[in-house]
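Peer 1:
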Amino acid sequence: MPTVFEMLDMSGRSAIVTGGGTHLGRAMASALAEMGASVFIASRRAELCEETAEELQGLGLDVSGIGC
Numbered sequence: 017m018p019t020v021f022e023m024l025d026m027s028g029r030s031a032i033v034t035g036g037g038t039h040l041g042r043a044m045a046s047a048l049a050e051m052g053a054s055v056f057i058a059s060r061r062a063e064l065c066e067e068t069a070e071e072l073q074g075l076g077l078d079v080s081g082i083g084c
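Under our numbering, residues 17 to 84 are what the sequence shown spells out, in order.
1) Out of curiosity, what's the CA-to-CA distance linking I57 and S30?
2) Determine which residues share a DSSP beta bridge with F56 and list them.
3) Check whether the Cβ of L64 lies closer than 7 Å to any heavy atom of the ligand ZN, and answer yes or no.
4) What does a CB cutoff of less than 8 Å around C65 pick up in its chain, not counting 5 residues either side in sequence?
5) Note down the Cα distance separating A45 from L77, rounded to an integer number of angstroms.
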């Protein structure tokens, strides 16, 4: 039976998080990246998603962000 960590392993996967610059979207982007996913954050507020991406990149996580 797989462990919880094995079931939540997102290594080698990609995730797109809309609204990832603030609140719940930011938390989801962080959680997915911590589980090993390559995360792309999209938001109407470019400065917020870029700040979030830079913060998570500073933690060594694979995150990119763009305003749309």
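Cβ coordinates follow ideal geometry from the N, Cα and C atoms, glycine included.
In this text the structure is predicted, and so the values were computed from the model without any measurement.
Peer 2: Reading off the structure:
1) 11 Å
2) I32 and S80
3) Absent from the structure shown: the ligand ZN. Ligands present: none.
4) G36, G37, I57, A58, S59, G81, I82 and G83
5) 10 Å
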